[in-house]
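Colleague: Below: one structure in structure tokens.
There are 2 protein chains.
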Amino acid sequence: MSESDTKPRQLRLRQASRQRREQQKQELRSEIVEAAAKLFLEQGYERFSLRQVAEHIGYSPTTIYLYFEDKDDLLFTVLDDGFIRFGQQLLEAAQSTADPKERLLAIGRAYLNFGLSNPGYYQLMFMQRSDFLHNSRKGEARPRIAAFEILQQVVGEAIEAGVLRSGGVESYSDALWAVVHGIVSLAISGPKFDPARVQRAAQVSLLMAFDGLAQP
Amino acid sequence: MSESDTKPRQLRLRQASRQRREQQKQELRSEIVEAAAKLFLEQGYERFSLRQVAEHIGYSPTTIYLYFEDKDDLLFTVLDDGFIRFGQQLLEAAQSTADPKERLLAIGRAYLNFGLSNPGYYQLMFMQRSDFLHNSRKGEARPRIAAFEILQQVVGEAIEAGVLRSGGVESYSDALWAVVHGIVSLAISGPKFDPARVQRAAQVSLLMAFDGLAQP
DNA sequence: TTATTCTAATAACAGTGTTAAGTGAAAGAA
DNA sequence: TTCTTTCACTTAACACTGTTATTAGAATAA
């Protein structure tokens, strides 16, 4: 074998090995995140513990620190999934129709739907650890309230189209956000608010909000 | 000294002693609650610890268990103060005027005022441990959502008076509750919502809600 | 004075997040 | 192949947490 053959082969082998190791690392990382998500959803925020996650995947507790800075970092990563899905669903709703009013209604319904379908995520994202919302992580450009900007944009378009009365885009968006967040919070906060009651409240709230902001 | 003199005196002494001890017990209990409230407001729910409370009042951690069942029981007691003040302020607002519309507005403003003035209490009462809201304690007749019934009653009167359009009292109340709760939540959730912005959002939200439910 | 009651403290258990030190196998260089 | 280095992982330990069982000691009752 000539030199020009063996040398590249060694290089290829080394590279392949490195890749393999890297992939295994990513796999374990994913395994941790999956186990964490599972346990978090099962047991709730307060009972969620790193040692339990470690036990569940068959590693020592300290191993987690090779893949995540600390407990918050892992939780943050778990919630990323929630934030991404949340943003996607709002975006889809915003693009579902061109009619400004229908657009706003679609966003509201998408918001409600996410919150009511993912109470575990929602609770941590917006009620228990709302700091996750604003504080961006180490390498991240912007925090995860991008969804809020979608709402503001659609509200602005609705005002320009004459569907909503003229006024502050920010205040209107805040008010609409408050309504849907309030409904989801009520639904999550206890058994007193059964699904049927929440459905009625959601329906009434959306109509109320639109009639209240609509051009008279 | 005759028998008829000494016997009642011993009785009186015994009774006084018992009373004194009872009072001292109540004083220590209050001291615990005060220290707990202080530390809870200073450090927040997550950092709040029994051992810190004990340290602060100069007793052993286990002494607290002579006065409270567990950590939740103490926290519950601390929050009682919050729930009572909350209910009182809503009640005052409801009695401040006879005009149905003004009444509703007053309640809404009172709600917002409580939440924005007592974010620490509000957060625990309605966001982090909303189970406190619904689950009544051992010796208690009803849970602490009595304030909700005030709202429902006033909403009912407003409908009858023709101020609000006819519809479900429960749904209307839920929708109004959702609005104010949403605003307070936004205000608490992060520095992104500065006081001025919250004020504008609160103003807009209340008007929106009333225009949205008002008789057209 | 003796016996009882009751408050408080000590010690301990089981659990938590987190850090520092060590171990053993795989990878790289000679 | 042999030696060295890198690196994933574990063990041990620290400083906490809530909570329970046991014990000491003082105030009260007999």
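Going line by line, the protein sequences match chains W and R. Numbering-wise, the first sequence is residues 1 to 216 according to the numbering used here. Numbering-wise, the second sequence is residues 217 to 432 according to the numbering used here. Ideal placement from N, C-alpha and C gives every residue a C-beta, glycine not left out.
#1: Label W:Q123 either buried or exposed according to how many other C-beta atoms from any shown protein chain fall within 10 Å of its C-beta, with 16 as the threshold for buried.
#2: Check whether the Cβ atoms of R:H397 and W:G190 sit closer than 8 Å, and answer yes or no.
#3: Taking only beta-carbon positions, decide if R:M341 is within less than 8 Å of chain W.
#4: If you reduce the DSSP assignment to three classes, tell me which class R:A425 lands in.
#5: I need the straight-line Cα distance from W:I188 to W:V179, nearest angstrom please.
#6: At a cut of 8 Å, does the region 320-338 of chain R reach the region 150-164 of chain W through at least three beta carbon pairs?
#7: What number of angstroms, rounded off, separates the C-alpha of W:Y59 from the C-alpha of W:F76?
#8: Can a CB atom of chain R be found closer than 8 Å to the CB of W:G115?
#9: May I ask you to report which of helix, strand or coil DSSP gives W:A98?
#10: I need the boundaries of the alpha helix (DSSP H) containing R:R267, first residue and last residue.
#11: Just how far apart, CA to CA, sit R:G260 and W:S185?
#12: Report the neighbours of R:R325 on chain W: residues whose CB is nearer than 7 Å to its CB, in chain order.
#13: What are the boundary residues of the alpha helix (DSSP H) that W:I183 is part of?
#14: Please compile the residues from chain W whose C-beta is within a distance smaller than 8 Å of the C-beta of R:P407.
#15: Buried or exposed for R:P316, please, with buried defined as at least 16 other CB atoms from any protein chain shown within 10 angstroms of its CB.
#16: Just mark W:L79 as buried or exposed, buried being the case when its beta carbon has 16 or more other beta carbons within 10 Å.
#17: Of all the CB atoms in chain R, is at least one closer than 8 Å to the CB of W:L104?
#18: Residues of chain W with CB closer than 7 Å to the CB of R:I399, please, in chain order.
#19: Which chain W residues sit within Cβ distance under 7 Å of R:L429?
#20: What is the C-beta distance between W:I57 and W:E31, in whole angstroms, given that I count them as a contact (C-beta under 8 Å)?
#21: Would you identify the three-state DSSP class for R:A322, choosing helix, strand or coil?
#22: Give the secondary structure of W:A214 by DSSP, where H, G and I count as helix, E and B as strand, and everything else as coil.
#23: Considering only DSSP beta bridges, list what R:L291 is partnered with.
#24: Does any C-beta atom of chain W lie closer than 8 Å to the C-beta of R:V294?
#25: Residues of chain W with CB closer than 8 Å to the CB of R:L402, please, in chain order.
#26: What separation, rounded to the nearest whole angstrom, lies between the Cα atoms of W:D131 and R:T278?
#27: Locate the alpha helix (DSSP H) running through W:E69, then write down its first and last residues.
#28: I think W:A146 touches W:G87, with their Cβ atoms under 8 Å apart; what is that distance to the nearest whole Å?
#29: How far does the alpha helix (DSSP H) with W:I119 in it extend, from its first residue to its last?
#30: Following the continuous alpha helix (DSSP H) through R:R380, name the residue where it begins and the one where it ends.
#31: Taking the straight line between their C-alpha atoms, what separation do you get for R:F284 and R:Q305?
#32: Since W:E170 meets chain R, which of its residues come closer than 9 Å, beta carbon to beta carbon?
#33: Apart from the five residues on each side of it in sequence, which residues of its chain come closer than 7 Å, Cβ to Cβ, to W:V33?
#34: Under the rule that 16 or more other beta-carbon atoms within 10 Å means buried, what is W:I84, buried or exposed?
#35: List the endpoints of the continuous alpha helix (DSSP H) containing R:A347.
#36: Comparing the C-beta of R:D347 with each C-beta of chain W, is any distance below 8 Å?
Modeller: Short version:
#1: Within the first sequence, numbered from 1, the residue matching residue 123 of chain W stands at position 123. Burial call: buried.
#2: As a working note, residue 397 of chain R is residue 181 in the second sequence. As a working note, residue 190 of chain W is residue 190 in the first sequence. No. Outside cutoff.
#3: For the purposes of this step, residue 341 of chain R is taken as the residue at position 125 of the second sequence. Chain W contact via Cβ: absent.
#4: Taking the second sequence and counting its residues from 1, the one referred to as residue 425 of chain R is at position 209. Helix at R:A425.
#5: Position 188 of the first sequence, counted from the first residue, corresponds to residue 188 of chain W. Position 179 of the first sequence, counted from the first residue, corresponds to residue 179 of chain W. One C-alpha to the other measures close to 14 Å.
#6: no
#7: Taking the first residue of the first sequence as position 1, residue 59 of chain W is located at position 59. Taking the first residue of the first sequence as position 1, residue 76 of chain W is located at position 76. Going by the C-alpha atoms only, they are around 21 Å apart.
#8: Stepping through the first sequence from its first residue, residue 115 of chain W is reached at position 115. Not an interface residue.
#9: What you label residue 98 of chain W is simply residue 98 of the first sequence in a count that begins at 1. Coil, per DSSP.
#10: Walking along the second sequence from the start, residue 267 of chain R turns up at place 51. That run of the alpha helix (DSSP H) goes L266 to I273.
#11: In the second sequence, the residue the question calls residue 260 of chain R occupies position 44. In the first sequence, the residue the question calls residue 185 of chain W occupies position 185. Their Cα atoms are separated by approximately 21 Å.
#12: As a position in the second sequence, residue 325 of chain R is number 109, starting the count at 1. Correct list: empty, because the minimum Cβ distance to chain W is about 15 Å.
#13: Counted from its first residue, the first sequence places residue 183 of chain W at position 183. First-last of the alpha helix (DSSP H) with W:I183: V169 to S189.
#14: The residue you call residue 407 of chain R lines up with position 191 of the second sequence. By Cβ distance, chain W contributes H134.
#15: Along the second sequence, read from residue 1 onward, the residue named residue 316 of chain R stands at position 100. Burial call: buried.
#16: For the purposes of this step, residue 79 of chain W is taken as the residue at position 79 of the first sequence. With 16 or more Cβ atoms within 10 Å of its Cβ, W:L79 is classed as buried.
#17: The residue given as residue 104 of chain W occupies position 104 in the first sequence. So, not an interface residue.
#18: Taking the first residue of the second sequence as position 1, residue 399 of chain R is located at position 183. The answer, in chain order, is A178.
#19: Here residue 429 of chain R refers to the residue found at position 213 of the second sequence. Within chain W, the residues near R:L429 are M208.
#20: Locating residue 57 of chain W in the first sequence gives position 57, where the first residue counts as 1. Locating residue 31 of chain W in the first sequence gives position 31, where the first residue counts as 1. Right, the Cβ-Cβ distance comes to about 5 Å (below 8 Å), so this counts as a contact.
#21: As a first step, residue 322 of chain R must be located in the second sequence, where it is residue number 106. It is helical.
#22: Locating residue 214 of chain W in the first sequence gives position 214, where the first residue counts as 1. Strand.
#23: The residue given as residue 291 of chain R occupies position 75 in the second sequence. DSSP output for R:L291 lists no bridge partner at all.
#24: Mapped onto the second sequence, residue 294 of chain R falls at position 78. No, its Cβ sits nowhere closer than 8 Å to a Cβ of chain W.
#25: For the purposes of this step, residue 402 of chain R is identified with residue 186 of the second sequence, where counting begins at 1. Within chain W, the residues near R:L402 are D174, W177, A178 and H181.
#26: As a working mapping, residue 131 of chain W is identified with position 131 in the first sequence. As a working mapping, residue 278 of chain R is identified with position 62 in the second sequence. Going by the C-alpha atoms only, they are around 33 Å apart.
#27: Indexing the first sequence from 1 puts residue 69 of chain W at position 69. Per DSSP, W:E69 belongs to no alpha helix (DSSP H) and is neither H nor E.
#28: Working through the first sequence from its first residue, we reach residue 146 of chain W at position 146. Working through the first sequence from its first residue, we reach residue 87 of chain W at position 87. So it is a contact: roughly 6 Å between Cβ atoms.
#29: Reading the first sequence from its first residue, position 119 is the one you call residue 119 of chain W. A quick correction: the sequence has Pro, not Ile, at residue 119 of chain W. P119 to Y122 is the extent of the alpha helix (DSSP H) around W:P119.
#30: As a first step, residue 380 of chain R must be located in the second sequence, where it is residue number 164. First, the amino acid is wrong: residue 380 of chain R is Leu here, not Arg. Run containing R:L380: none; DSSP gives neither H nor E here.
#31: Position 68 of the second sequence, counted from the start, is the residue given in the question as residue 284 of chain R. Position 89 of the second sequence, counted from the start, is the residue given in the question as residue 305 of chain R. About 28 Å.
#32: As a position in the first sequence, residue 170 of chain W is number 170, starting the count at 1. The contacting residues are R413, R416 and A417.
#33: Within the first sequence, the letter at position 33 stands for residue 33 of chain W. The answer, listed in chain order, is T77 and V78.
#34: To locate residue 84 of chain W, count along the first sequence from 1; it is residue 84. It is exposed - the Cβ of W:I84 has fewer than 16 other Cβ atoms within 10 Å.
#35: Within the second sequence, residue 347 of chain R is the residue found at index 131, counting from 1. Here residue 347 of chain R turns out to be Asp, not Ala, going by the sequence shown. Here the alpha helix (DSSP H) through R:D347 covers D347 to H350.
#36: Position 131 of the second sequence, counted from the start, is the residue given in the question as residue 347 of chain R. Yes, R:D347 counts as interfacial toward chain W.
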